[in-house]
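Below is one structure, written out as structure tokens, with a few remarks after it.
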Amino acid sequence: MIRLIKGFHDILPDETRKWGFIVRTAADTLERFGFREIITPVMERTELFERGIGQVTDIVEKEMYTFEDRGGDTLSLRPEATAGILRSVVEHSLLRRDAVLKVYTIGPMFRRERPSKGRFRQFFQINAEVLGDDSPYTDAEAIAAAHSIMANIGASGLMMEINSVGCQQCRGDFRAKLRDYIEPHLDELCPDCKRRYDTNPLRILDCKVDRCVEIAKQAPMIIDSLDAGCKEHFHKVQETLSLLDVPYHIEPRMVRGLDYYTRTAFEIIHGELGRSKAVGGGGRYDTLIKELGGPDASGIGFAIGLERLAMGLSDEDPRYARSMDVYVAILGKNAGNEGVRLVNLLRGSGISTETRYTGTSLKAQMKVADKVWAKKVLMLGDDELSRREVTVRDMQTGDQCTVGIDDIVSYLQGDKR
Ligand code: HAM
């Protein structure tokens with residue numbers, strides 16, 4: 005047997021209804037907020053992610069699936085959606101057509117992380133971006149959209165954690181303060197963080213190694229280094245979140261694992277998964293579009309992890325329970341042809357219909373009808389066939405009646421209305 009790749013997973017038929025429900029609810033919610041769908045490839049030039057996400061990030065340094073293709077190009081499976089979306093927006097000059105562009109995409113991402121509960125190497129994201137708008141109202145609206153997706157799906161025990169990571173200017177000042185604080189601890193840091201001290205000290209605040217986490221706990225906080233503009237922006241975001249009734253709290257030590265963020269950053273924390281595994285995250289990026297060759301426009305977006313979201317939802321829920329309108333029990337030797345014709349007629353009339361052609365007993369077929377959550381069973385045996393009738397059983401009440409074969413579609417359609 006050839007097995008699945010480590011950290012990858014199948015979504016089996018028993019899970020796909022829940023999965024589909026999440027995808028549909030997220031898409032409907034985002035459309036209601038004015039987002040339109042964009043679909044970009046799962047693979048891009050490696051350089052895009054290096055430039056977009058940042059060379060000195062865990063994702064780019066350690067987690068990308070990167071390879072040289074047969075033509076000698078260095079390509080990577082996308083570890084996130086934002087860079088690819090922006091590449092597409094810039095390449096097709098979409099911001100020339102719409103000054104403000106709101107797009108979303110839902111699809112698989114790939115990171116070669118160590119697999120654990122809620123952490124996979126292929127995982128799905130619901131990802132949304134608002135481009136060309138730097139108003140703090142938009143930050144709050146993006147956070148509200150993420151919250152609304154979760155609320156419409158019915159996820160519970162959630163908290164929106166927010167922070168501001170400042171602009172390039174505030175970050176320059178903060179980097180200097182951070183280096184001053186870290187310097188006496190330099191020998192205690194992990195080898196990666198020793199290197200990060202020179203290249204990108206902010207990433208030390210995101211390290212998972214115990215001793216680095218300890219040191220980071222006492223480090224200065226970026227929120228204390230915000231300039232007046234960033235402070236005001238952040239204040240307005242909070243005010244608007246309160247106005248919109250979105251529950252939030254400020255997490256001043258949150259820095260996020262991607263380099264492109266400026267000003268607002270946020271994460272959605274799920275009680276069950278713990279603080280180290282957010283269900284979603286996002287933030288503003290005011291220079292990324294330009295860095296990728298586009299206009300000087302800002303953006304804000306977020307991504308919600310579908311697997312993590314699905315973990316918080318029960319497998320059984322009437323909103324995504326399986327159900328068929330009808331199960332046709334074909335009984336007796338002669339009913340086969342009429343049964344096939346009937347099944348085909350029902351399906352063609354928009355009635356979901358399941359059957360088995362293997363000719364087992366009525367008892368066995370009723371079990372199948374139960375398993376597929378059929379609302380009604382139509383029984384077609386030799387007797388019924390001779391009278392051109394079917395016996396209809398309502399699976400909820402147990403009531404039975406007979407209906408002429410030629411009237412069955414209108415009978416069932418009347419039922420559906
Ligand atoms: P991120 O925080 O790296 O942000 O990922 C967002 C979400 O994707 C996480 O909160 C988590 O639910 C899910 N996720 C990430 N890695 C894994 C994994 N290995 N296994 C399962 N789920 C995972 C971004 O990706 C940004 N691009 C979000 C964004 C969009 N920022 C601005 N626009």
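For the sequence shown, the numbering used here begins at 5 and goes up steadily by one.
Yeah, the Cβ is synthetic: ideal placement off N, Cα and C, and Gly gets one too.
- Looking at the DSSP output, Ser80 shares a beta bridge with Glu48 and Thr70.
- Beta-bridge pairing by DSSP links Val396 to Leu382 and Cys405.
- The closest CA to that of Ile334, considering only Leu317, Thr357 and Ala325, is found on Thr357.
- Counting other Cβ atoms within 10 Å of its Cβ, Met258 reaches 16 or more and is therefore classed as buried.
- Judged by DSSP in its simplified three-state form, Thr109 adopts strand.
- Inclusion of Arg115 in the 7 Å shell around the ligand HAM follows from its C-beta lying nearer than that to a non-hydrogen atom of the ligand.
- For Leu313, the uninterrupted alpha helix (DSSP H) run begins and ends at Leu310 to Met315, by DSSP.
- Beta-bridge analysis with DSSP links His253 to Glu165.
- Boundaries of the alpha helix (DSSP H) around Gly233: Ala232 to Leu247.
- Looking at the backbone, the Cα of Lys66 and that of Val344 are separated by about 56 Å.
- Along the length of the stretch 333-380, whole alpha helix (DSSP H) runs at least 4 residues long occupy 340-352 and 366-375, reported in chain order.
- Assignment of Ile130 by DSSP, reduced to helix, strand and coil, places it in the strand class.
- Burial state of Gln172 is exposed, judged by a 10 Å Cβ sphere holding fewer than 16 other Cβ atoms.
- Comparing alpha carbon positions, the residue from Arg323, Arg351 and Met225 closest to Asp184 is Met225.
- Taking 8 Å as the cut-off, the beta carbon of Gly284 is found no closer than this to the beta carbon of Ala314.
- Between Val134 and the set Leu99, Thr20, Arg116 and Ser168, the nearest pair of CA atoms involves Leu99.
- For His151, the enclosing alpha helix (DSSP H) begins and ends at Pro140 to Ile157.
- Counting along the chain, Tyr289 sits inside the beta strand (DSSP E) bounded by residues Gly284 to Tyr289.
- Gly297 has its alpha-carbon roughly 13 Å from the corresponding atom of Glu51.
- The beta carbon of Asn167 sits no closer than 7 Å to any heavy atom of the ligand HAM.
- A distance of 8 Å or more separates the beta carbons of His274 and Gly305.
- In the DSSP assignment, Glu271 forms a beta bridge with Glu165 and Gly285.
- In the three-state scheme derived from DSSP, where H, G and I count as helix and E and B as strand, Ser120 is classed as strand.
- In the assembly as shown, Glu393 is a buried residue. Its beta-carbon has 16 or more other beta-carbons within 10 Å.
- Assignment of Asp202 by DSSP, reduced to helix, strand and coil, places it in the helix class.
- In chain order, Leu90, Val93, Val94, Leu99, Leu135, Pro299, Asp300, Ala301, Ser302 and Gly303 place their CB closer than 8 Å to the CB of Ile293, counting only its own chain and leaving out the 5 sequence neighbours on each side.
- Not one heavy atom of the ligand HAM falls within 7 Å of the beta-carbon of Ala220.
- The three-state reading of DSSP puts Phe178 in helix, counting H, G and I together.
- A Cβ-Cβ separation of about 5 Å places Val241 in contact with Asp143 under the 8 Å criterion.
- If you compare the alpha carbons of Ile208, Glu187 and Glu236 with that of Ser168, the shortest gap goes to Glu236.
- Around the CB of Glu35, fewer than 16 other CB atoms lie within 10 Å, so the residue is classed as exposed.
- Looking from the CA of Leu416, the closest CA among Lys380, Arg125 and Asp387 belongs to Lys380.
- Relative to the ligand HAM, the beta carbon of Phe124 is positioned inside 7 Å of a heavy atom.
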